[in-house]
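The letter at position 18 of the sequence shown is residue 18 when you use full-length UniProt numbering, and the numbering goes up by one with no holes. Every residue, glycine too, gets a C-beta built ideally from N, C-alpha and C. See below for the structure under consideration.
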Amino acid sequence: MFGIVLWSDPKRQKAIVWCEDCAKLAYASASDIMIDDSETLSIGDLVQFTLVTFGDFRGCTNLTLLDSKIAPNISEHLLRAASNTQPNLRVVNG
1 MFGIVLWSDP KRQKAIVWCE DCAKLAYASA SDIMIDDSET LSIGDLVQFT
51 LVTFGDFRGC TNLTLLDSKI APNISEHLLR AASNTQPNLR VVNG
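In structure tokens:
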């Protein structure tokens with residue numbers, strides 16, 4: 001599966017990935033990230049991985065970096081889009 005890194009912590013070697021299927025986010029930890037020691041994951045990186053699920057948990061294994069920072073502002077854009085979204089609720093008087 002392909003995805004975009006939405007958050008990463010280089011010191012703890014963890015990342016949260018938005019998956020191409022647009023379902024729940026997936027999580028990656030140090031043992032799952034297969035990149036060189038000289039590289040770190042950053043917001044907006046394009047990655048490829050094997051998706052594993054355990055109940056509601058989605059995780060990444062064999063995560064590799066395909067392209068660096070193709071969407072460096074993705075998190076900001078998603079937050080802005082979410083704040084502009086109006087809920088689909090209406091008041092019903094009975």
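Simplified DSSP assignment, three categories, for residue i
i, result
"I74", "helix"
"A82", "helix"
"D32", "helix"
"N88", "coil"
"I16", "strand"
"T61", "strand"
"T53", "strand"
Nearest to residue i (by Cα), restricted to the options the options
i, options, result
"P10", "R90, I35, F2, N73", "I35"
"S38", "T85, Q13, F57", "Q13"
"F57", "V91, K24, F2, L6", "K24"
Close-in-space but distant-in-sequence residues of the same chain around residue i (CB under 6 Å, 5 per side omitted)
i, result
"D32", "C60, T61, L63"
"F2", "E20, Q48"
"V52", "G59, T61"
Cβ-based burial, residue i [other Cβ within 10 Å; buried from 16]
i, result
"I8", "Note on residue identity: the sequence assigns Ser, not Ile, to residue 8. Buried: at least 16 other Cβ atoms inside 10 Å."
"A82", "exposed"
"L66", "exposed"
"A26", "buried"
"A28", "buried"
"L89", "exposed"
"L41", "buried"
"F49", "buried"
"S15", "According to the sequence displayed, residue 15 carries Ala and not Ser. Flag for A15 reads buried."
Cβ neighbours of residue i in the same chain (closer than 8 Å, five flanking residues each side left out)
i, result
"I4", "V17, W18, G44, D45, L46, V47, I70, A71, I74"
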